[in-house]
Every structure is written in C-alpha cells, then in structure tokens.
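From first to last, the protein sequence lines are chains A and B.
Quick note: the first sequence uses the working numbering, first residue 1, plus one each step.
Quick note: the second sequence uses the working numbering, first residue 327, plus one each step.
Don't be surprised by glycine CBs; every beta carbon is placed ideally from N, CA and C.
Quick caveat: nothing in here was measured; it's all calculated off a predicted structure.
Right, one structure below, let's go through it.
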Amino acid sequence: MSKVLIADDDRTSCILLGGLLTKWGYQAEIVHNGDDALRELMKPDAPRLAILDWMMPGLDGIEVIKKLRAAHGASYTYALLLTSKEQKEDLVQGLDAGADDYLRKPFDAQELRARLRIGGRILELERRLVSALESAEYKATHDFLSGIYNRAAITEMLTREASRSERCGHRVSVMMVDVDHFKSINDTYGHAAGDEVIKQLTARISSVLRTYDAVGRLGGEEFLIVTPNCSLGEALGVAERLRSGVASEKMIVGEVAIPVTVSVGVSALSVDIPDVNRVLETADSALYAAKKSGRNRVECYVPPVRPTSPPEASATSVGAIAKAAG
Amino acid sequence: MDHEVFDKAELLSRLEGDEEILAEMIGIFLAECGPMVQHVSDAATSQDAGGLERSAHKLKGSLSIFGSRAAMQSAQILETMGHDGDLCSAAEVLARLREQIAALEKALSDLREPKCPKS
C-alpha cells in the first residue's frame with residue numbers, strides 16, 4: 001500500500017484528503033505543519049508521495065520542497081502542492097521550487113486521484129531507473145563469475161588506497177594470487193569445474209581477509225588482494241595462511257575432490273615502490289618467482305638495500321619470512 | 327438551500343458521493359470554525375496585517391471546501407487587506423463574514439441533524 005504524506009494545517013481539508021486517499025487504497029499520514037512534514041519526509045521509510053499545502057505554520061509548502069530537494073535524499077519524493085493561490089506567478093514559483101505538480105483548492109476528487117496516479121507512475125519509473133543504474137554499476141565493477149571486484153575496480157581501489165597512504169602514511173600491501181596448473185584443472189575436470197574452483201577460491205580468499213581488505217579478479221585464474229594498513233610482513237602472513245589453507249583441503253566439485261594450490265606474490269608500497277604500477281609490477285615478479293620455484297609458494301619482493309642508508313629492520317625480517325614461507 | 331452558503335450536491339460530487347467523509351468533515355469544520363474566525367478577528371482588532379492575511383487565508387481554504395462562495399469572498403477581501411496592510415474597513419468585512427459563517431454553520435448543523443418529517 002503506497003504511503004502518502006498529507007501536510008495541511010486545515011483539519012477539515014486533512015479529513016477530506018485522508019478520507020479519499022484511504023478509500024483509494026493509500027495509507028495516509030497526516031501532519032499539520034511544514035516542520036513535521038519535512039521531518040517525516042526525511043525519514044528512511046518516508047512516504048514517497050506528498051501532498052503539501054502551500055501556506056502552513058512554520059515552514060510553508062515551498063520551503064519544505066526546497067529543503068527536501070536540497071537534501072538529495074536517496075529516494076525521490078513526488079511533491080504535489082495544494083494551493084488556493086490563483087496567480088500564475090505563484091504557481092510558477094511553486095513549480096520552480098521543486099514541486100512536481102499542483103492542485104488548486106477546492107480540488108475535485110477525480111482530478112486528485114488522477115494526479116496521484118501520475119505521481120505513482122513517475123516514482124515507478126524512478127525506481128526502475130535507479131535499479132537499472134545500480135545493476136549497471138554493479139556489472140561495471142564486479143566480476144560476473146566470482147561476484148568480487150573486477151580488474152578495473154580493484155585497481156581503482158588500490159589507486160585510492162595509494163593516495164590515502166601518501167596522505168596518512170599508513171602502509172598498503174598487495175598480493176597477487178594465481179591458481180597453479182589451472183589449465184590442467186579445466187582440461188581434466190571441464191570448464192564448469194574450473195569455474196567452480198574460481199568461486200570456491202574466492203570464498204577461501206575472503207575468509208582470510210579483514211573486512212576492510214579488498215579482493216578482485218584480474219582475469220582468468222588471477223586475483224589481486226589489497227590490504228590497507230598492513231605491512232609487508234603482515235601481508236606475507238596472510239598470504240601464507242591462504243596458500244596453506246587452499247593446499248590443505250581439496251575442493252569438492254560435484255562428485256570429485258580437486259586438489260588445488262595457489263602461488264602468491266606479495267609487495268608493498270614504500271619509498272622504493274612508490275606508485276601503483278610499480279607495486280603491481282613487483283607483486284607480479286614475486287608471483288613469477290613463486291611459480292618458477294615450484295608453485296604452491298609465497299614470494300615477496302624485497303626492495304634492494306640502499307647503500308646510502310642502513311638496511312631497514314622490517315626489510316630484513318620480511319626477507320626472513322619470505323624464505324620461511326617458501 | 328442557498329447555494330451561496332453551501333452547495334451540498336457539488337461537494338458530494340467532488341467527494342465521489344461519500345456521505346461518511348462529508349459527515350466527518352462537517353464535524354471537524356463546526357469544531358474548528360469558531361477558533362478560526364476568532365484568529366481573524368483578533369488579527370483585525372490588533373491591526374496585525376500579517377496575522378490577518380494568514381488567518382483569513384486559512385479560513386478561506388476551509389470555506390472553499392464547502393463551496394461557500396459569499397463567505398470565501400469576504401475571507402479573500404480580508405486576506406488581501408492583510409497582504410496590502412490596509413485594515414481600515416476590516417471590521418465591516420469581518421461583521422459580514424461572521425453572518426455568512428453563521429449561515430453556513432446553521433446549514434451544516436441542519437444537515438447533520440435533519441428535522442423530523444411532519445406526520
């Protein structure tokens with residue numbers, strides 16, 4: 001049942017409107033001044049249709065509409081202005097303020113009903129448009145198979161984290177994850193099973209991440225994980241948990257248990273790796289190293305020690321962890 | 327019934343013939359009408375032009391529902407006086423408005439409590 005807000009300080013008019021709307025199957029909510037109208041319309045589950053009297057105590061109908069439009073709420077409110085003003089200039093002012101329609105008092109019930117139907121049609125169009133936009137935005141940023149971010153979205157997220165890191169100084173690590181011998185999984189068990197492996201791997205990756213980490217599918221069997229506020233050492237720990245977790249439990253696809261392993265290349269933004277392109281390149285070369293060293297491994301890119309400054313403690317410990325992980 | 331006072335047929339046609347809503351509206355109007363006229367009167371007496379414009383406008387809105395053309399016209403004149411800040415003859419128009427509203431109240435009350443038909 002559609003809710004309609006009626007705002008009018010004239011109680012006789014409210015009885016008339018409320019009675020008719022109820023008879024027509026609407027749920028009428030009645031307030032008697034503009035301030036209450038605005039408060040009700042700003043609520044999350046507010047009526048999307050509003051009949052507002054122009055002249056009311058407190059905020060008048062025009063001011064309510066202006067404030068409502070300025071607030072840019074998540075949902076559109078179809079506002080029908082009720083007025084006994086008769087000058088054309090007044091009506092133009094009302095419509096320019098953001099009213100969708102107006103009705104002169106005393107109004108005819110059939111005309112009001114038809115105008116409410118117009119409001120309903122506009123709101124339905126708006127709902128479908130928003131839904132289509134949301135769906136298009138989702139499709140543009142998400143991988144259709146795994147449901148996680150696609151390449152463009154996860155790279156964009158990394159770019160945002162990199163600029164935040166520049167401002168706030170916190171560390172950002174990245175992990176590039178690749179399924180070992182994925183082609184042979186597809187060849188042996190079929191492409192549907194390969195797709196299922198991607199889905200199950202997505203779930204396993206998500207299970208080792210914190211809520212503010214992000215993962216995206218770069219394409220094929222390759223994933224990128226972005227972990228803000230996470231040092232290279234900590235990222236290596238996460239990568240190793242992921243690698244061992246995947247290797248220790250076969251993936252059940254239909255009737256078969258498929259052994260799956262992953263290789264992971266880890267890198268982090270730092271003085272030596274200052275930008276997104278470089279951190280992706282270094283994570284990729286670490287992943288290549290993991291593949292070359294036999295797969296089912298975690299490798300990280302350790303920046304070369306600069307001769308002009310003493311080696312950083314974190315770089316040394318990271319190197320040790322990388323070796324242990326391999 | 328004087329259609330200048332109250333046009334029941336016209337109102338009912340605008341209400342899709344709903345006598346129940348009509349009865350409820352009459353009840354509310356009869357309860358609210360006195361205070362509304364009092365606001366208009368207070369504003370006129372205290373030479374409050376803005377108050378007169380607002381209160382007369384509100385009363386005009388209520389009267390318009392019942393199609394009381396003569397009373398609406400008087401309320402409109404008072405509203406305009408308030409708008410223009412010229413309240414010289416407000417008392418005179420107000421007296422006329424009181425009479426017109428009294429006639430409307432009587433018509434609406436009669437409608438609510440119809441007289442027993444003569445046997």
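Which residues bound the beta strand (DSSP E) around residue i?
{"i": "glycine 98(A)", "result": "Looking at the DSSP string, glycine 98(A) is not in any beta strand (DSSP E), and its letter there is neither H nor E."}
{"i": "glutamine 27(A)", "result": "27 to 31"}
{"i": "aspartate 178(A)", "result": "172 to 179"}
{"i": "glycine 302(B)", "result": "Any question about residue 302(B) goes unanswered here, given that chain B covers just 327 to 445."}
{"i": "valine 331(A)", "result": "Chain A is shown from 1 up to 326; residue 331(A) falls before or after that span and cannot be answered."}
{"i": "leucine 192(A)", "result": "In the sequence under discussion, the amino acid at residue 192(A) is alanine, which differs from the leucine named in the question. No beta strand (DSSP E) holds alanine 192(A); the alpha helix (DSSP H) holding it covers 191 to 208."}
{"i": "threonine 141(A)", "result": "Run containing threonine 141(A): none in the beta strand (DSSP E); it sits in the alpha helix (DSSP H), 109 to 141."}
{"i": "methionine 42(A)", "result": "Methionine 42(A) -> not in any beta strand (DSSP E); alpha helix (DSSP H) instead, spanning 34 to 42."}
{"i": "isoleucine 258(A)", "result": "256 to 258"}
{"i": "glutamate 299(A)", "result": "298 to 300"}
{"i": "isoleucine 51(A)", "result": "49 to 53"}
{"i": "methionine 251(A)", "result": "251 to 253"}
{"i": "lysine 3(A)", "result": "3 to 7"}
What residues from chain B crowd round residue i, counting only those whose CB sits closer than 7 Å?
{"i": "lysine 23(A)", "result": "Asp344"}
{"i": "aspartate 42(A)", "result": "Looking at the sequence itself, residue 42(A) is methionine, so the reference to aspartate does not match. Those do not exist, as methionine 42(A) stays about 25 Å from chain B at its closest Cβ, beyond 7 Å."}
Using a C-beta to C-beta distance shorter than 9 Å, which residues of chain B count as neighbours of residue i?
{"i": "leucine 20(A)", "result": "Leu341, Glu342, Asp344 and Ile347"}
{"i": "lysine 105(A)", "result": "Lys386, Gly387, Ser390 and Ile391"}
{"i": "serine 135(A)", "result": "What serine 135(A) touches in chain B: nothing, since even the nearest Cβ is about 41 Å away."}
List, in chain order, every chain A residue whose beta-carbon is nearer than 7 Å to that of residue i.
{"i": "isoleucine 354(B)", "result": "Arg11, Thr12 and Ile15"}
{"i": "glutamate 358(B)", "result": "Arg11 and Thr12"}
Please list, in chain order, the chain B residues whose beta carbon lies closer than 8 Å to that of residue i.
{"i": "serine 109(A)", "result": "The residue you asked about is not serine; residue 109(A) is alanine in the sequence shown. Residues of chain B passing the Cβ test: Arg340, Leu341 and Glu342."}
{"i": "serine 84(A)", "result": "His383, Lys386, Gly387 and Ser390"}
CB-CB under 8 Å to residue i, same chain, minus the five flanking residues each way: which ones, in chain order?
{"i": "glutamine 402(B)", "result": "Ala382 and Lys386"}
{"i": "valine 363(B)", "result": "Leu385, Leu423, Arg424 and Ile427"}
{"i": "serine 317(A)", "result": "Model confidence at serine 317(A) stands at a pLDDT of 32, short of 50, so the residue's coordinates are unreliable; what they give is reported in the following sentence. Within the same chain, serine 317(A) has close Cβ partners Gly233."}
Thinking residue i and residue j are a contact (beta carbons under 8 Å), I'd like their distance in whole angstroms, please.
{"i": "alanine 331(A)", "j": "lysine 66(A)", "result": "Nothing can be reported for residue 331(A), as the shown portion of chain A is limited to 1 through 326."}
{"i": "serine 165(A)", "j": "arginine 171(A)", "result": "7 Å"}
{"i": "asparagine 33(A)", "j": "methionine 56(A)", "result": "5 Å"}
{"i": "alanine 433(B)", "j": "valine 331(B)", "result": "5 Å"}
{"i": "arginine 217(A)", "j": "isoleucine 148(A)", "result": "6 Å"}
{"i": "glutamate 431(B)", "j": "leucine 337(B)", "result": "Contact flag wrong, Cβ pair sits at about 15 Å."}
{"i": "alanine 370(B)", "j": "leucine 413(B)", "result": "6 Å"}
{"i": "isoleucine 354(B)", "j": "arginine 115(A)", "result": "The Cβ separation is near 24 Å, so there is no contact."}
{"i": "valine 197(A)", "j": "valine 215(A)", "result": "Not a contact, Cβ separation roughly 16 Å."}
{"i": "aspartate 108(A)", "j": "leucine 80(A)", "result": "The Cβ separation is near 14 Å, so there is no contact."}
If I follow the unbroken alpha helix (DSSP H) through residue i, where does it start and stop?
{"i": "serine 165(A)", "result": "151 to 168"}
{"i": "alanine 349(B)", "result": "345 to 371"}
{"i": "glycine 18(A)", "result": "11 to 23"}
{"i": "glutamate 281(A)", "result": "276 to 292"}
{"i": "lysine 334(B)", "result": "334 to 340"}
{"i": "alanine 71(A)", "result": "61 to 71"}
Helix, strand or coil, according to DSSP, for residue i in the structure here?
{"i": "arginine 424(B)", "result": "helix"}
{"i": "phenylalanine 223(A)", "result": "strand"}
{"i": "proline 228(A)", "result": "strand"}
{"i": "isoleucine 413(B)", "result": "Sequence inspection shows leucine at residue 413(B); the isoleucine mentioned does not correspond to that position. Leucine 413(B): coil per DSSP, three-state reduction."}
{"i": "glycine 326(A)", "result": "Only weak support exists for where glycine 326(A) lies, its pLDDT of 37 falling under 50; the value from the coordinates is given anyway. In the structure shown, glycine 326(A) sits in coil (DSSP, three-state: anything other than H, G, I, E or B)."}
{"i": "threonine 83(A)", "result": "strand"}
{"i": "glycine 265(A)", "result": "strand"}
{"i": "arginine 295(A)", "result": "coil"}
{"i": "leucine 145(A)", "result": "coil"}
{"i": "valine 271(A)", "result": "coil"}
{"i": "alanine 214(A)", "result": "strand"}
{"i": "asparagine 186(A)", "result": "helix"}
Interface residues of chain A around residue i at Cβ under 8 Å?
{"i": "methionine 351(B)", "result": "Thr12, Ile15, Leu16 and Gly19"}
Given that residue i touches chain A, what residues does it touch there, using C-beta distances under 9 Å?
{"i": "arginine 380(B)", "result": "Met55 and Pro57"}
Give me, in chain order, the residues of the same chain whose beta-carbon lies closer than 7 Å to that of residue i; leave out the 5 immediate sequence neighbours on both sides.
{"i": "serine 367(B)", "result": "Leu420"}
{"i": "glycine 194(A)", "result": "Phe182, Ile185 and Asn186"}
{"i": "histidine 365(B)", "result": "Ser381"}
Please list, in chain order, all residues of the same chain as residue i whose beta carbon is under 6 Å from its beta carbon, the five residues on each side excluded.
{"i": "glutamate 358(B)", "result": "none"}
{"i": "proline 259(A)", "result": "Lys250"}
{"i": "glutamate 379(B)", "result": "Glu405, Gly408 and His409"}
{"i": "alanine 283(A)", "result": "Val174, Met176, Gly265 and Ser267"}
{"i": "isoleucine 321(A)", "result": "In this predicted model, isoleucine 321(A) has a pLDDT of only 42, less than 50, meaning its place in the structure is not dependable; the value taken from the coordinates is given anyway. The answer, listed in chain order, is Gly233 and Leu236."}
{"i": "leucine 21(A)", "result": "Val4 and Ala28"}
{"i": "isoleucine 329(A)", "result": "Residue 329(A) lies beyond the stretch modelled for chain A, which goes from 1 to 326, so this question has no answer here."}
Does residue i come within less than 8 Å of chain D when only Cβ atoms are used?
{"i": "threonine 202(A)", "result": "In the structure shown, chain D cannot be found, because the protein chains are A and B."}
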